[in-house]
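I have placed the structure first, in the form of structure tokens, so that the comments after it can refer back to it.
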Amino acid sequence: MPPDAKSPGYQPGMAVLPSRPHPAKGKAIRFLLSLALVAFAIVQLCGNFHKNRSVEQQLQSQTLDDESFKWEDVTPTKQLVYHPCFGDHECARLSLPMNWKRTDGEGSKIALAVIKLPAKVPVTDARYGGAILLNPGGPGGSGVSMVFRYGKAIQTIVDSPESPSADSASGKYFDVVSFDPRGVNNTTPNFSCFPDPATRKAWLLQSEAEGLLGSSEGVFDTRWARYEAFGMSCNQQGVTASKDGEWIGKFMNTAPVVADMVELVERHGEWRERETERLLSTAPNTFPVGTNVDAERIRLHNRWKKGEEKLLYWGFSYGTILGSTFAAMQPHRINRAVIDGVCNADDYYAGNWLTNLQDSDAAFNKFFEYCYTAGPSACPFALGGDPEDLKSRYEQILTNLTSSPIAVSPSGNRGPEIITYSDVKSLVVQALYVPLKLFDLVARLLAELEQGNGSSFADLKYEAKQWPVPPPCDSSSTQYKVPGESDQEAGRNILCTDGPGLDGTAKEDFRSYWNMLRGQSKAVGDFWAEVRMSCVKLETRPEWRYDGPFAGNTSHPLLFIGNTYDPVTPLRNAHTMARGFPESIVLEQNSVGHCTLSGPSLCTAKAIRQYFQTGELPDPGTVCQVEELPFRLAGYERSQVMSPGDTELMSALHSLSEFRHLLGA
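Reminder that position 290 of the sequence shown reads as 646 in my numbering, one-by-one numbering, no gaps.
This is the structure in structure tokens:
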């Protein structure tokens, strides 16, 4: 029986991911703190995503593990052939050319890992809205991981609020689809800069010990040398290429991924036509009694429009680069595109990274403002005359840690530890991405550090370093290879090959660049400089790239969204990018954090839903408020009774507020 026959598109009901209770933040905290600790070594860009996959697996692999499904058991095909996977999801491996510019039909292939959360109605239902393609950011973020963990919450936002079983339901219901980009996670071949996970982990621990830029007098020279060595390890030397001489490192930049998306959209159209025929021919009894099924009308509506299929898209952080590039290269294929947490594409492709930190310090100032307003009962660090006093005390903590890190004695299973300037700076950067989840933690740890107590911080560092090493410990064993461990290296290769590269850049010229970023942001500048520094000595150049113009008369206007205080994608970027796409609109969400999902807003969610449902854009100048602020500030706790639909939407938004779209982390 074909795999599709086992997994019809109709799903009778999708439960919303539950809102995680506020006190139960342990897993999220450990995950986020671990990101802060490893960010020194391998900088991963725009979001997202994202993340140290090995630590993520440590925290959540028990839910993603599916003994009945293994990616390697799926034969890559030119068509989308879905197999049941991970509960109620469906997975496929799409065979695509490694080099889209080859015209002979030969050459190496990639196997694109695709995941789908099926729509709540079959494709033969008039309310079937199509497949919304997601990108979580990064670069290097796993779309498979995102859809598995957050697909149902995304589906709650974009779908009609009515149950599809209701007689009056007339809205649309969507598949939620994503993929692991080239070189990332489950897509093969993988990209890696290390021979095995143990070597990678040793490198990360060494890097952490060196500290961030700005943490000591000589750290710049040390970091520069480390990135030189790292860049050399990521070049093709010593890497086995295919028999055609093609190596994945030269085909991972954004332009080939746009081509992959075009093919994925086309193949979805082909699958839709094939699935329609399957349902009409083999499952006629699935239609409600009394329904007048006009089979030919359904076939005509769902036919594969070869070469004309259009994109439904929601991209976060780096995903806005991918979405904007798609819109510029394929403007006629835009059906809907939400560009959320907007990067300046011209600056990104130039490799400058000079348009990201304009609101970073303003975002961090909101921490002190919120903390002071909440008072000591809600914010333990809220002692002082005004927010500026709190900020001065924070800066004094950093000054003290620069010369005198806090020594922490062993406790329980944890050994001795020290808390450093870099530990605090890194945690603050991560907290700015998701303040609703982490500002509480930052306040508590700062209050303890001010008293010379680093025990809680040390406990979190210990938990973040819990790296499982699967048996056997033979690095040549396939069991020793942890999926996704090299995603940070893949993300780095993507961002470096998208830009012109830094090979040959003088160290002193880069020192001037670093100082320029420090002038843009005291909170994030040191951290951000390592994004670009990570491209030093990377000699790999892409076989082909697209670097503009980032403009086009799209077949439907785009929806750009930005937060008022986004630490790495300032609101002004949304306005800059929107000017290149006629009739597109910028929606502002009045919140702190990276991308709209960092703060739950019913207003924003409903605007996105309306856009996907009908194509209608919000009015120009619309500003959406959020439902909650950090420290549970008075006036932002929803005490009034919400409608069932709003309650369900808020539950989904709470789940998504834990998602990361890491740009530069």
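We treat Cβ as the ideally placed atom computed from N, Cα and C, and that holds for glycine.
If contact is defined by three or more beta carbon pairs under 8 angstroms, each pair taking one atom from either stretch, is the region 490-505 in contact with the region 533-553? With a cut-off of 8 angstroms, the region 490-505 and the region 533-553 count as touching, because enough Cβ pairs lie within range.
Three-state secondary structure (DSSP) of D854: Helix at D854.
Contact set for G646: own chain, Cβ-Cβ below 8 angstroms, skip 5 residues either direction: Note that G646 has pLDDT 48, beneath the 50 cutoff, so the model's placement of it is unreliable and no number is given.
Runs of alpha helix (DSSP H) lying entirely within the region 905-945, each at least 4 residues, in chain order: Taking 4 residues as the shortest admissible run, the region 905-945 contains the following complete alpha helix (DSSP H) segments, listed from N- to C-terminal end: 927-934.
Paired residues, beta bridge with A487 - DSSP: For A487, which the question treats as bridged, DSSP gives the partners D531.
Evaluate M998 with the Cβ neighbour count: other Cβ atoms within 10 Å of its Cβ, from every protein chain shown; 16 or more gives buried, anything less gives exposed. With fewer than 16 other Cβ atoms within 10 Å, it is exposed.
Which class does V394 belong to by DSSP, given the choice of helix, strand or coil? Because the pLDDT of V394 is 36, which lies under 50, any placement of that residue in the model is unreliable, and the number read from its coordinates should be weighed accordingly. Look at V394 here: in three-state DSSP terms it is helix.
Own chain, CB closer than 6 angstroms to G587, minus 5 neighbours either side, in chain order: Result list for G587: V892, K893, L894, in chain order.
Spell out a yes or no on whether the region 574-589 and the region 508-522 are touching, meaning 3 or more CB-CB pairs, one atom from each, closer than 8 angstroms. Between the region 574-589 and the region 508-522 there are fewer than three inter-stretch CB-CB distances shorter than 8 angstroms, so the stretches are not counted as touching.
For the alpha helix (DSSP H) containing L635, name the first residue and the last one. Note, L635: alpha helix (DSSP H), 610-638.
Can S501 and C549 be called in contact, C-beta distance under 8 angstroms? Cβ distance not < 8 angstroms, so S501 and C549 don't count as in contact.
Short Cβ contact (8 angstroms threshold) for A701 with F906: By the CB criterion at 8 angstroms, A701 and F906 fall inside the cutoff.
Where in the region 693-746 do unbroken runs of the alpha helix (DSSP H), each at least 4 residues long, occur, reported from the N-terminal end onward? Runs found: 701-706, 716-730.
Short Cβ contact (8 angstroms threshold) for P956 with E983: Yes, they are a contact pair.
Backbone CA spacing between L783 and L816 [nearest angstrom]: Roughly 11 angstroms between the two C-alpha positions.
Where L851 and A565 are concerned, what is the direct C-alpha to C-alpha distance, given to the nearest angstrom? Using only the alpha carbons, I get a separation of about 25 angstroms.
Rounded distance between the beta-carbons of H445 and F504, thought under 8 angstroms: A Cβ-Cβ separation of about 6 angstroms places F504 in contact with H445 under the 8 angstroms criterion.
Limits of the beta strand (DSSP E) - the one that H445 falls within: Per DSSP, H445 belongs to the beta strand (DSSP E) from 445-453.
Taking C-beta to C-beta, are A961 and L914 nearer than 8 angstroms? The answer is no: Cβ separation not under 8 angstroms.
Which whole-angstrom value is the C-beta distance of L797 and I753, which I expect to be below 8 angstroms? Taking C-beta atoms under 8 angstroms as the contact rule, L797 and I753 fail to qualify, at a distance of about 15 angstroms.
Run through DSSP, which three-state label would S954 get? Correct three-state label for S954: helix.
A803 - containing alpha helix (DSSP H), residue span: Note, A803: alpha helix (DSSP H), 791-806.
One question on the structure: do G855 and A763 come within less than 8 angstroms of each other, judged by their Cβ atoms? Contact flag unset, no.
Are the beta-carbon atoms of P453 and G463 separated by less than 8 angstroms? For the 8 angstroms CB-CB criterion, P453 and G463 form a contact.
Could you check which residue in T681, L858, D865 has the C-alpha nearest to that of C699? Minimum Cα-Cα distance from C699 among the listed residues T681, L858, D865 corresponds to T681.
Own chain residues within Cβ distance below 6 angstroms of F723, not counting five before or after: Taking C-beta separations shorter than 6 angstroms and ignoring five residues to either side along the sequence, the partners of F723 in its chain run F795, following chain order.
Cα-Cα, which of H624, T758, R630 is closest to G574? Closest by alpha carbon: T758.
Assuming contact is defined by CB atoms lying nearer than 8 angstroms, are L805 and I775 in contact in what I supplied? Yes. Within cutoff.
Boundaries of the alpha helix (DSSP H) in which E773 is found, first to last residue: Taken as a continuous stretch (DSSP letters only), E773 belongs to no alpha helix (DSSP H), being part of the beta strand (DSSP E) at 773-775.
Cutoff 6 angstroms; reference H624; Cβ partners in own chain excluding five residues on either side: Contacts found: A487.
Across which residues does DSSP place T544 in a beta bridge pair? DSSP, once it has assigned bridges, lists A467 as partnering T544.
Note the first and the last residue of the continuous alpha helix (DSSP H) segment covering A554. Taken as a continuous stretch (DSSP letters only), the alpha helix (DSSP H) holding A554 covers 553-566.
Let me know if E428 comes out buried or exposed under the rule of 16 or more other beta-carbons within 10 Å of its beta-carbon. Exposed.
Closer than 7 angstroms by C-beta to P976: which residues in its own chain qualify, once you throw out the five before and the five after it? Chain order, please. I941, listed in sequence order.
Residues near Y726 by beta carbon distance below 7 angstroms, same chain, minus five either side: The answer, listed in chain order, is F795, L985, P986, F987, L989.
Does the beta-carbon distance from Y789 to S890 come in below 8 angstroms? Cβ atoms of Y789 and S890: not closer than 8 angstroms.
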